[in-house]
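K.L.:
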Amino acid sequence: MKRPGALLAGAALGAAVAVIAYALERVVERTVFLEPNPAMLIWADHDPFAWRAAIAIYLGGAAAFGGHALAAQSPAAAARALTALTAVALVAIVVQGALLP
Amino acid sequence: MRAAAAARCAEGEAAAKGLRFAEALAAYRAAIATDPSAACVSMARARMQDLEAHAEGGFAPLARLEAVRRDPKKAADLAEIEALARDLEGFPPGRVRAEARLLVAEAYWHALKEPERSIAAFEAAAQDQGGDKVTRALALAELWSLRKQRGEVREALADVERDPTLAPALLVLVKKAVLREQLREGAIAVLAVLAAAGAAAMARLLARARDVREVPGLVLRPGAAAFALYLGGAGAALVRAHGGGDGRPFLWLGLGVLAILAMGRAWGLWLGTRRAARALCAAACVAGVLAIAFLAVERTDASYLEGIGL
Numbered sequence: 001m002k003r004p005g006a007l008l009a010g011a012a013l014g015a016a017v018a019v020i021a022y023a024l025e026r027v028v029e030r031t032v033f034l035e036p037n038p039a040m041l042i043w044a045d046h047d048p049f050a051w052r053a054a055i056a057i058y059l060g061g062a063a064a065f066g067g068h069a070l071a072a073q074s075p076a077a078a079a080r081a082l083t084a085l086t087a088v089a090l091v092a093i094v095v096q097g098a099l100l101p
Numbered sequence: 102m103r104a105a106a107a108a109r110c111a112e113g114e115a116a117a118k119g120l121r122f123a124e125a126l127a128a129y130r131a132a133i134a135t136d137p138s139a140a141c142v143s144m145a146r147a148r149m150q151d152l153e154a155h156a157e158g159g160f161a162p163l164a165r166l167e168a169v170r171r172d173p174k175k176a177a178d179l180a181e182i183e184a185l186a187r188d189l190e191g192f193p194p195g196r197v198r199a200e201a202r203l204l205v206a207e208a209y210w211h212a213l214k215e216p217e218r219s220i221a222a223f224e225a226a227a228q229d230q231g232g233d234k235v236t237r238a239l240a241l242a243e244l245w246s247l248r249k250q251r252g253e254v255r256e257a258l259a260d261v262e263r264d265p266t267l268a269p270a271l272l273v274l275v276k277k278a279v280l281r282e283q284l285r286e287g288a289i290a291v292l293a294v295l296a297a298a299g300a301a302a303m304a305r306l307l308a309r310a311r312d313v314r315e316v317p318g319l320v321l322r323p324g325a326a327a328f329a330l331y332l333g334g335a336g337a338a339l340v341r342a343h344g345g346g347d348g349r350p351f352l353w354l355g356l357g358v359l360a361i362l363a364m365g366r367a368w369g370l371w372l373g374t375r376r377a378a379r380a381l382c383a384a385a386c387v388a389g390v391l392a393i394a395f396l397a398v399e400r401t402d403a404s405y406l407e408g409i410g411l
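Here the protein sequences come in this chain order: A and B.
Residues in the first sequence are numbered consecutively from 1, following this note's numbering.
Residues in the second sequence are numbered consecutively from 102, following this note's numbering.
#1: Can you tell me the Cα-Cα spacing of Val-142(B) and Ala-123(B), whole angstroms?
#2: Quick one: Cα of Ala-208(B) to Cα of Leu-189(B), how far?
#3: On a Cα-Cα basis, can you pick out the residue from Thr-374(B), Leu-362(B), Leu-411(B) that is closest to Gly-389(B)?
#4: Identify the contact partners of Phe-49(A) in chain B, using a Cβ-Cβ distance below 8 Å as the criterion.
#5: Indicate the three-state DSSP secondary structure (helix, strand or coil) for Ile-409(B) in the structure shown.
#6: Considering only their Cβ atoms, is the gap separating Pro-194(B) from Gly-231(B) smaller than 8 Å?
#7: With respect to the alpha helix (DSSP H) encompassing Phe-122(B), which residues constitute its N-terminal and C-terminal limits?
#8: Does the Cβ-Cβ distance between Arg-237(B) and Leu-258(B) come in under 8 Å?
#9: Give the DSSP-derived three-state secondary structure of Lys-214(B) in the structure shown.
#10: Whole angstroms are fine: how far does the CA of Glu-256(B) sit from the CA of Leu-271(B)?
#11: Strictly under 8 Å for the Cβ-Cβ distance: is Ala-16(A) near chain D by that measure?
#12: Going along the stretch 302 to 332 of chain B in order, which residues come within less than 8 Å of chain A, judged by CB to CB distance?
#13: Only counting runs of 4 or more residues, tell me where the alpha helix (DSSP H) segments fall wholly within the stretch 269 to 355 of chain B, in order along the chain.
#14: Assign Ala-413(B) to one of three DSSP states: helix, strand, or coil.
#15: Measure the Cβ-Cβ separation of Gly-324(B) and Ala-69(A) and say whether it is below 8 Å.
#16: Anyone know if the C-beta pair for Thr-175(B) and Glu-181(B) falls short of 8 Å?
#17: Label Glu-262(B) either buried or exposed according to how many other C-beta atoms from any shown protein chain fall within 10 Å of its C-beta, with 16 as the threshold for buried.
#18: So, is the C-beta of Tyr-22(A) closer than 8 Å to a C-beta in chain B?
#19: On the three-state DSSP scale, how would you describe Ala-177(B)?
Below, the structure is given as structure tokens:
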């Protein structure tokens, strides 16, 4: 695959991983680290959504490097991975949004 | 009545100040009996209860302890502390003996800089069944602080496990510290093996290279360097943005991952394209990254580990 194509494939794979990472973060947060009662909070350091999104983007960015390497070496494998990861991301974010918003 | 009670309280205070504890106890009791509603009675009652709890041996042990405890010069004098340590072995079982052991231990640790003797005294205080639970738990907590300072976490666990019910929260803390030490030793062992294997692979590459200047380019790919830079730089920037957290673990992680990627590349060039060899190489790299991630956090800001129960 040509360089711009590999970069785009890497970015796409990274984006899919970022969505999966966000859904997983939220699930872990809701099941393991229970939030304090919002009524008891006067002030919070950070917007939890922004923080979750930043971590998800960071992880997606890391995955983009792997995606780029895969696409440069085997475009077919990258295409298969992108299809699978997109499907997983879609299911993950819908399930998380519906069950653990 | 009120004035008489206040006078008894003052007598009690004066007697306690002069280490005449039996007299002080009698004065406090008299104050309470004279006027239970007097202003000083609540203080008198607290002092009376405290003295009753330290009355073993007819107050002679308490007087001996207080003579040292109230005088900062004596509490920092080796001869005085050694004399108290000898005397307390003759004290009857009770709170005073455990408190005296604690005082001796603190003096050996802080003022006299003799940690070995301090450890023995703390152990004796924690195991003194006659002492109250708070004093014994305090002795155990201080012993843990001293052991931790000396890097003796396994010995500390043995100390705490002698009586697991004395300080259950401390036991959990010490167990975590031991687990961390075991993980640290494991991580260092993994990295030592990987470093040796990486050095061997690198030496082989250097020996076979026509031009040694080609070797860095062979093992360090631009993509790998960019990935390590991203992992360290973006991670550090992210935690700095998150309330000014410590970014050093990410920087060490980035550097470590860069080294692991270079070693992995060198192994790959050595072992070739055989599937088993590549799987072994990948497993070694994963173990190396996990070891580096743990050490990067544990050596810089171990508070991050608490978030994952370590």
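C-beta atoms are modelled at their ideal positions from N, C-alpha and C, and glycine is treated no differently.
P.N.:
To lay it out plainly:
#1: 18 Å
#2: 15 Å
#3: Leu-362(B)
#4: What Phe-49(A) touches in chain B: nothing, since even the nearest Cβ is about 14 Å away.
#5: coil
#6: yes
#7: 122 to 135
#8: no
#9: coil
#10: 14 Å
#11: Protein chains A and B are contained in the structure displayed, whereas chain D is not.
#12: Gly-324, Ala-327, Phe-328, Tyr-331, Leu-332
#13: 269 to 309, 315 to 320, 323 to 342
#14: Lying before the first or after the last residue shown, residue 413(B) is absent from chain B, which here runs from 102 to 411.
#15: yes
#16: Note that residue 175(B) is Lys in the sequence shown, not Thr. Yes, the Cβ-Cβ distance between Lys-175(B) and Glu-181(B) is below 8 Å.
#17: exposed
#18: no
#19: coil
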